[in-house]
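Peer 1: Per full-length UniProt numbering, the sequence shown starts with residue 1, numbered consecutively.
Please see the structure below; I have some questions.
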Amino acid sequence: MEFQEAVARLRIHKTIRKGAIERHHTQTEKKERKIFFHRSSSSSSSSSKQKTKPSEIPIEFLCPVSGTLMKDPVIVSSGHTFERACVQACNTLGFTPTLMDGTVPDFSTVIPNLALKSTILEWCRNYSLDPPNDKTTLDFFSAEKLVRAKILETQRQKPKPPKKNEHQDTGAGIDHVVTDLITQTPSTHDSWSSNDSPLQLKTRSSYYSSPSSSTAEIEAVDPNPKDEEFVRKLKSPLVFEIEEGLISLRNTTRAREDDTKLQLCTSRLLSVLQPLIISRYTSIQVNSVACLVNLSLEKNNKIKIVRSGILPLLIHVLKGGFPEAKEHACGAIFSLALDDRNKTAIGVLGALPPLLHLLRSAESDRTWHYSSLALYHLSLVQSNITKLVKLGSVPILLEMVKSGRMESRVLLILCNLALSPDGRHAMCDSGGVEVLLGLLRRSDLKFESTQDICVSVLYGLSHGSLRFKGLARAAGAVEVLMQVEKTGSERTKEKVRRIFKMMTETRMEKEDVNWEEVLEDSGSTPCRFSGGKDGLSTNA
């Protein structure tokens with residue numbers, strides 16, 4: 001009996017142990033299934049987060065000219081966005097494309113589109129794409145090749161006018177010229193925005209803007225036959241044809257005996273010359289600026305050239321053009337400054353800083369020559385005198401006098417600056433009285449006129465400046481001026497006597513000065529260097 005009970009208990013124990021083992025295995029399998037399910041669900045969620053590559057690039061990210069993803073997008077005046085290199089290439093070649101929607105962009109102003117640039121970079125990061133770089137985007141030279149190809153394609157697509165009799169051919173030619181003028185609007189380059197471009201002009205006076213619409217319409221309807229051939233060559237997409245056209249135009253505008261310069265200086269020809277002035281080809285830039293110099297020698301052309309909007313481009317050449325082009329640009333600005341109506345505009349547009357820099361550090365005598373003459377004529381206007389003083393020109397000019405470089409030219413500019421209170425204060429602060437007296441002490445002055453101009457500057461400083469009396473006496477002016485009075489010309493002697501009178505007066509008038517009389521006495525008249533030996537007497 002006891003044996004049977006023991007066997008029964010053993011069976012029950014085995015059954016309980018087997019059930020516990022089965023339950024343990026079941027729980028373990030459930031845990032493993034949960035872990036596997038968790039891993040699979042997390043991996044599927046992570047894969048869902050990764051976006052597939054886009055099927056196409058958004059059209060607003062592509063440059064309308066090159067059709068590539070933009071690296072440096074810029075907004076132009078018309079509101080369109082382009083790659084910067086493509087805009088520069090279009091401006092250089094004078095090409096204005098027609099967009100897909102039929103609109104024509106305006107490349108006169110360029111502003112970086114930073115919002116679109118950051119959007120493109122964010123889009124590339126989201127789709128794990130490489131952002132646009134130098135290898136995937138066009139540089140300037142590649143963009144220029146692309147634009148030239150588009151120009152050729154545009155010319156091939158133009159329908160040829162049907163042949164008619166002579167009377168109808170004339171009208172067809174006029175209509176063709178009008179169409180060209182409308183479809184190819186030249187860019188004026190009023191502002192040029194680039195990473196390495198110096199100090200650009202953003203706005204300009206409406207008085208010195210592009211030619212009036214009525215003048216352009218008259219020239220379009222009744223084109224000048226003399227400039228027709230030149231305009232055709234200068235608008236060619238081929239570099240060698242442009243060079244031939246510029247050389248021919250330069251030789252033609254050298255004529256003096258007829259009114260060739262007046263007839264060729266049309267708004268259409270000036271607009272075609274504008275992009276060539278800032279060309280990267282040496283011969284094109286040099287010859288285009290030389291043509292402008294020849295055209296500016298005609299008195300009636302000076303105002304027209306300034307109003308055409310070409311001055312900012314000349315200033316651009318002064319800052320970073322080729323050396324020979326800088327020479328011609330200085331000559332052109334000097335020639336334009338001979339007209340009193342242009343002096344203020346030239347100063348406002350920013351010609352004074354590069355002219356002063358070229359006068360100080362030019363590499364050629366012609367650049368020194370024309371930059372000094374340009375500064376002299378521009379400094380005959382009070383507004384330009386103030387600008388020159390603020391630019392720190394007085395210490396620079398005095399240093400040039402001390403070194404013996406272009407003494408007479410520099411002294412003429414100082415003579416004009418001495419007519420302004422700001423100029424007189426700047427000269428006194430920079431030791432101008434001592435420098436001028438030291439120049440008069442020298443016995444090796446090359447010209448008697450240099451001595452005369454030097455005394456004229458001292459005479460200008462003696463007016464309305466209480467500091468002059470003390471500075472002059474401290475520098476030994478009495479002995480020097482007495483020696484000059486013995487050896488100088490009659491006009492120089494008269495100025496020395498007036499300086500002595502100023503120094504001996506106990507009370508000095510503040511500004512009761514007849515500056516016209518001072519100018520006449522000093523010989524600083526606007527026409528002094530308008531031509532002849534010291535002026536722009538020859539064509540470029």
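No residue lacks a Cβ here, since even glycine has one placed at the ideal position from N, Cα and C.
Does the beta-carbon of Ala115 have 16 or more other beta-carbons within 10 angstroms, so that it is buried, or is it exposed?
Peer 2: Residue 115 sits at position 115 when you count from the first residue of the sequence shown. Looking at its Cβ environment, which holds fewer than 16 other Cβ atoms inside 10 Å, Ala115 is exposed.
Peer 1: Is there at least one non-hydrogen atom of the ligand PLP closer than 7 Å to the beta-carbon of Arg491?
Peer 2: Here there are no bound small molecules, and the ligand PLP is not part of this structure.
Peer 1: Per DSSP, which residues does Thr81 bridge with? Please list them.
Peer 2: What you label residue 81 is simply residue 81 of the sequence shown in a count that begins at 1. Beta-bridge pairing links Thr81 to Ile75.
Peer 1: Distance, Cα to Cα, Pro73 vs Val306?
Peer 2: Position 73 of the sequence shown, counted from the first residue, corresponds to residue 73. Position 306 of the sequence shown, counted from the first residue, corresponds to residue 306. Pro73 and Val306: Cα-Cα distance of roughly 32 Å.
Peer 1: If you draw a straight line from the alpha carbon of Glu509 to that of Ala540, how long is it in whole angstroms?
Peer 2: By one-based count along the sequence shown, residue 509 stands at place 509. By one-based count along the sequence shown, residue 540 stands at place 540. Because Glu509 sits at a pLDDT of 44, beneath the cut-off of 50, its placement in the model cannot be relied upon, and the point is left open.
Peer 1: Would you mind giving the Cβ-Cβ distance between Glu407 and Thr367, rounded to the nearest angstrom? I have them listed as a contact below 8 Å.
Peer 2: Indexing the sequence shown from 1 puts residue 407 at position 407. Indexing the sequence shown from 1 puts residue 367 at position 367. At roughly 18 Å, the Cβ-Cβ gap does not stay under 8 Å, so Glu407 and Thr367 are not in contact.
Peer 1: Could you give the DSSP three-state label for Leu62: helix, strand or coil?
Peer 2: By one-based count along the sequence shown, residue 62 stands at place 62. Reduced to three states, the DSSP call for Leu62 is strand.
Peer 1: Just to confirm, is the Cβ distance from Leu437 to Val478 under 8 Å?
Peer 2: In the sequence shown, the residue the question calls residue 437 occupies position 437. In the sequence shown, the residue the question calls residue 478 occupies position 478. No, the Cβ-Cβ distance between Leu437 and Val478 is not below 8 Å.
Peer 1: Starting from Pro112 and walking both ways along the beta strand (DSSP E), at which residues does that stretch end?
Peer 2: Here the question's residue 112 lines up with position 112 in the sequence shown. Pro112 -> beta strand (DSSP E) spans Val110 to Pro112.
Peer 1: Straight-line CA distance for His357 to Arg341?
Peer 2: Here the question's residue 357 lines up with position 357 in the sequence shown. Here the question's residue 341 lines up with position 341 in the sequence shown. Going from the Cα of His357 to the Cα of Arg341 covers about 24 Å.
Peer 1: Write down the C-beta distance between Leu397 and Arg424 rounded to the nearest angstrom, noting that I regard them as a contact closer than 8 Å.
Peer 2: Start at 1 with the first residue of the sequence shown, and residue 397 comes out as number 397. Start at 1 with the first residue of the sequence shown, and residue 424 comes out as number 424. The Cβ separation is near 14 Å, so there is no contact.
Peer 1: My understanding is that Leu349 touches Pro312, with C-beta atoms under 8 Å, so please give their C-beta distance in whole angstroms.
Peer 2: For the purposes of this step, residue 349 is taken as residue 349 along the sequence shown, with counting starting at 1. For the purposes of this step, residue 312 is taken as residue 312 along the sequence shown, with counting starting at 1. Right, the Cβ-Cβ distance comes to about 6 Å (below 8 Å), so this counts as a contact.
Peer 1: Among all the DSSP beta bridges, which residues are the ones paired with Leu69?
Peer 2: Reading the sequence shown from its first residue, position 69 is the one you call residue 69. Leu69 pairs with Leu62.
Peer 1: Gly245: buried (16+ other C-beta within 10 angstroms of its C-beta) or exposed?
Peer 2: Locating residue 245 in the sequence shown gives position 245, where the first residue counts as 1. Buried, since its Cβ has 16 or more Cβ neighbours within 10 Å.
Peer 1: Just to confirm, are Leu69 and Arg148 a CB contact at a threshold of 8 Å?
Peer 2: Indexing the sequence shown from 1 puts residue 69 at position 69. Indexing the sequence shown from 1 puts residue 148 at position 148. Cβ distance not < 8 Å, so Leu69 and Arg148 don't count as in contact.
Peer 1: Note down the Cα distance separating Arg156 from Asn133, rounded to an integer number of angstroms.
Peer 2: One-based indexing of the sequence shown puts residue 156 at position 156. One-based indexing of the sequence shown puts residue 133 at position 133. Cα-Cα distance, rounded: 33 Å.
Peer 1: When burial is assigned at 16 or more other CB atoms within 10 Å of the CB, is Pro255 buried or exposed?
Peer 2: Taking the first residue of the sequence shown as 1, we reach residue 255 at position 255. Note on identity: in this sequence residue 255 is Ala, with Pro being the wrong assignment. Label assigned to Ala255: exposed.
Peer 1: Within 10 angstroms of its Cβ, does Lys343 collect 16 or more other Cβ (buried), or is it exposed?
Peer 2: Your numbering for residue 343 matches position 343 in the sequence shown. With 16 or more Cβ atoms within 10 Å of its Cβ, Lys343 is classed as buried.
Peer 1: Is Lys117 helix, strand or coil when you go by DSSP?
Peer 2: If you number the sequence shown from 1, residue 117 lands on position 117. Here Lys117 sits in helix by DSSP.
Peer 1: What distance in whole Å lies between the Cβ atoms of Pro97 and Val65, which are believed to be in contact at a cut-off of 8 Å?
Peer 2: Numbered from its first residue, the sequence shown carries residue 65 at position 65. Numbered from its first residue, the sequence shown carries residue 97 at position 97. With 8 Å as the limit, Val65 and Pro97 qualify as a contact, their Cβ atoms being about 6 Å apart.
Peer 1: For Gly102, which option in His80, Glu122 and Lys117 has the closest C-alpha, if you only look at C-alpha atoms?
Peer 2: The residue labelled residue 102 in the question sits at position 102 within the sequence shown. Out of His80, Glu122 and Lys117, His80 has the C-alpha closest to the C-alpha of Gly102.
Peer 1: Going by DSSP in three states, Tyr127 sits in which element: helix, strand or coil?
Peer 2: Position 127 of the sequence shown, counting from 1, holds the residue named residue 127. It is coil, neither helix nor strand.
Peer 1: Can you tell me whether DSSP reads Phe141 as helix, strand or coil?
Peer 2: For the purposes of this step, residue 141 is taken as the residue at position 141 of the sequence shown. Reduced to three states, the DSSP call for Phe141 is helix.
Peer 1: Within 10 Å of its beta-carbon, does Ala290 have 16 or more other beta-carbons around it, so buried, or fewer, so exposed?
Peer 2: What you label residue 290 is simply residue 290 of the sequence shown in a count that begins at 1. Under this definition Ala290 is a buried residue.
Peer 1: CA-CA distance, Phe322 and Gln285?
Peer 2: Numbered from 1 along the sequence shown, position 322 holds the residue referred to as residue 322. Numbered from 1 along the sequence shown, position 285 holds the residue referred to as residue 285. In a straight line, the C-alpha of Phe322 is about 8 Å away from that of Gln285.
Peer 1: Pick out the complete alpha helix (DSSP H) segments inside the region 245-329, 4 residues or longer, and give them in chain order.
Peer 2: Segments of the alpha helix (DSSP H) lying fully in the region 245-329: 260-264, 267-277, 282-296, 302-307 and 311-320.
Peer 1: Using the C-alpha atoms, what's the distance from Lys402 back to Ser108?
Peer 2: If you number the sequence shown from 1, residue 108 lands on position 108. If you number the sequence shown from 1, residue 402 lands on position 402. So the alpha carbons of these two residues sit roughly 44 Å apart.
Peer 1: In this structure, does DSSP put Glu434 in helix, strand or coil?
Peer 2: The sequence position of residue 434 within the sequence shown is 434, counting from 1. Helix, per DSSP.
Peer 1: Kindly indicate the opening and closing residues of the alpha helix (DSSP H) around Ser462.
Peer 2: Here residue 462 refers to the residue found at position 462 of the sequence shown. Ser462 -> no alpha helix (DSSP H), and no H or E assigned at all.
Peer 1: Rounding to the nearest angstrom, what Cα-Cα distance links Val484 and Lys493 in this structure?
Peer 2: The residue given as residue 484 occupies position 484 in the sequence shown. The residue given as residue 493 occupies position 493 in the sequence shown. Cα-Cα distance, rounded: 7 Å.
Peer 1: Whole angstroms are fine: how far does the CA of Val389 sit from the CA of residue 565?
Peer 2: The structure shown does not extend to residue 565, since the chain spans only 1 to 540, so no value can be given for it.
Peer 1: Buried or exposed: Thr136, going by 16 or more other Cβ atoms within 10 Å of its Cβ?
Peer 2: As a first step, residue 136 must be located in the sequence shown, where it is residue number 136. Result: exposed.
Peer 1: Whose C-beta lies closer than 7 Å to the C-beta of Ala418 among residues of the same chain, with five residues either side of it excluded?
Peer 2: Taking the first residue of the sequence shown as 1, we reach residue 418 at position 418. Closer than 7 Å at Cβ, skipping near neighbours: Arg424, Met427, Val457, Gly460 and Leu461.
Peer 1: Would you give the residue range spanned by the alpha helix (DSSP H) that Asp429 belongs to?
Peer 2: Taking the sequence shown and counting its residues from 1, one reaches residue 429 at position 429. That run of the alpha helix (DSSP H) goes Pro421 to Asp429.
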